[in-house]
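S.K.:
Protein chains: 2
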Amino acid sequence: MKLITRNTDYALRAICYISIHQRIVSVAELVRVLGVPQPFMRKILQKLNQQKILQSFKGSNGGFKLKISPHKISIIKIMRIFQGRIGINGCFLKKDICPNRGKCVLRKKIQSIEDNVIRQLTQINIAALV
Amino acid sequence: MKLITRNTDYALRAICYISIHQRIVSVAELVRVLGVPQPFMRKILQKLNQQKILQSFKGSNGGFKLKISPHKISIIKIMRIFQGRIGINGCFLKKDICPNRGKCVLRKKIQSIEDNVIRQLTQINIAALV
DNA sequence: GGTTAATGATACCACAATAGTATCATTTGT
DNA sequence: ACAAATGATACTATTGTGGTATCATTAACC
Numbered sequence: 000m001k002l003i004t005r006n007t008d009y010a011l012r013a014i015c016y017i018s019i020h021q022r023i024v025s026v027a028e029l030v031r032v033l034g035v036p037q038p039f040m041r042k043i044l045q046k047l048n049q050q051k052i053l054q055s056f057k058g059s060n061g062g063f064k065l066k067i068s069p070h071k072i073s074i075i076k077i078m079r080i081f082q083g084r085i086g087i088n089g090c091f092l093k094k095d096i097c098p099n100r101g102k103c104v105l106r107k108k109i110q111s112i113e114d115n116v117i118r119q120l121t122q123i124n125i126a127a128l129v
Numbered sequence: 000m001k002l003i004t005r006n007t008d009y010a011l012r013a014i015c016y017i018s019i020h021q022r023i024v025s026v027a028e029l030v031r032v033l034g035v036p037q038p039f040m041r042k043i044l045q046k047l048n049q050q051k052i053l054q055s056f057k058g059s060n061g062g063f064k065l066k067i068s069p070h071k072i073s074i075i076k077i078m079r080i081f082q083g084r085i086g087i088n089g090c091f092l093k094k095d096i097c098p099n100r101g102k103c104v105l106r107k108k109i110q111s112i113e114d115n116v117i118r119q120l121t122q123i124n125i126a127a128l129v
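Residue numbers (numbering that gives the first Met the number 0), protein chains in the order written: chain A, 0 to 129; chain B, 0 to 129.
1) Taking the C-alpha atoms as reference points, what is the distance between K94(A) and Y9(B)?
2) With 7 Å as the threshold, decide whether the Cβ of Q122(B) is near any Cβ in chain A.
3) Name, in chain order, the residues that DSSP records as bridge partners for V24(B).
4) Which class does K94(A) belong to by DSSP, given the choice of helix, strand or coil?
5) Leaving out the 5 sequence neighbours to the left and right, which residues in its chain are closer than 8 Å to Q50(A) when beta-carbon positions are compared?
6) Closer than 8 Å is the cut-off here; do at least three beta carbon pairs connect the region 34 to 42 of chain A with the region 3 to 22 of chain A?
7) Pairs of beta-carbons, one from the region 63 to 71 of chain A and one from the region 21 to 28 of chain A, closer than 8 Å: are there three or more?
8) Just to confirm before moving on: does the CB-CB distance between R12(B) and L44(B) stay below 7 Å?
9) By how many angstroms is the C-alpha of K107(B) removed from the C-alpha of Y16(B)?
10) In chain B, what lies closer than 7 Å to V116(A) by C-beta?
11) Could you check the C-alpha separation between K76(B) and I109(B) for me, to the nearest Å?
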């Protein structure tokens, strides 16, 4: 089990690199620096462009630069882009078995852990990492 | 993304039920009460038997009962049985790219969150749930 | 002692998420 | 015009999860 996937990990490191250099960075450069497969990196950056985390520039000398402040890019934001909703447990029992979610001790305990994790992942942003 | 899978969830609820009733409980009964597929439940209980969380009794009137105290059964223990090692991120970069793990800020931050989660999951045991 | 009700062991299948790859179209600097 | 870059899209491979199916073994009960 992993909370953070490769997608997210590569994305975070790419954003960090771009954030440090404060200029347009090409996929080729990121691939050289981070050592991840080129087509995969491209796909990741394209998604970050679509989600308006990065801004892309086509053509020769093209590449990507940050579109928003590194302070505004939290880890959870990137995780949600690549991993969808972050949750610990959706309560797998059928509704008629566990009719009252409010009384389920397991669910409550787990929910509080989840809240903690999300709060922490929300606090960490790119500016804090570079 | 989910931190807790169905496997683990069903296992926890089955253990809770057995813990409350303090007697030998058959798969058939658990299936009736929890409403999960019988062969799947069997597989889960067999694993808990192998891991010495439960003790099985074969033959007519057979079933499962707790083998260890509910205080000693933490959520993390069950998660590890069904989901393997619990980690947030194994650091996906190749070793030569990220030679000094000690200096990686991302890794450090994530590690501290992971430690938190594991600490909390370790504290919650079956006795606290029932 | 045979029947029946239970688990043990094991192999198999289905689906979804993750981790990529491949290809062609489009844009832009020189 | 050409080369170097991204955009869009479709495809493939691997793995983890969530099961199912089957036969063997054990033990209570009549």
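Note that CB positions come from ideal geometry on N, CA and C, so glycine has one too.
M.R.: This is what the structure gives:
1) Residue confidence is low: K94(A) scores 48 on pLDDT, short of 50, so the model does not pin down where it sits. Its coordinate-derived value is still stated next. One C-alpha to the other measures close to 14 Å.
2) no
3) F63(B)
4) The pLDDT assigned to K94(A) is 48, lower than 50, so where the model puts this residue is not dependable; a value taken from the coordinates is nonetheless given after this. Residue state, collapsed to three classes: coil.
5) I80
6) yes
7) yes
8) no
9) 39 Å
10) I112 and V116
11) 21 Å
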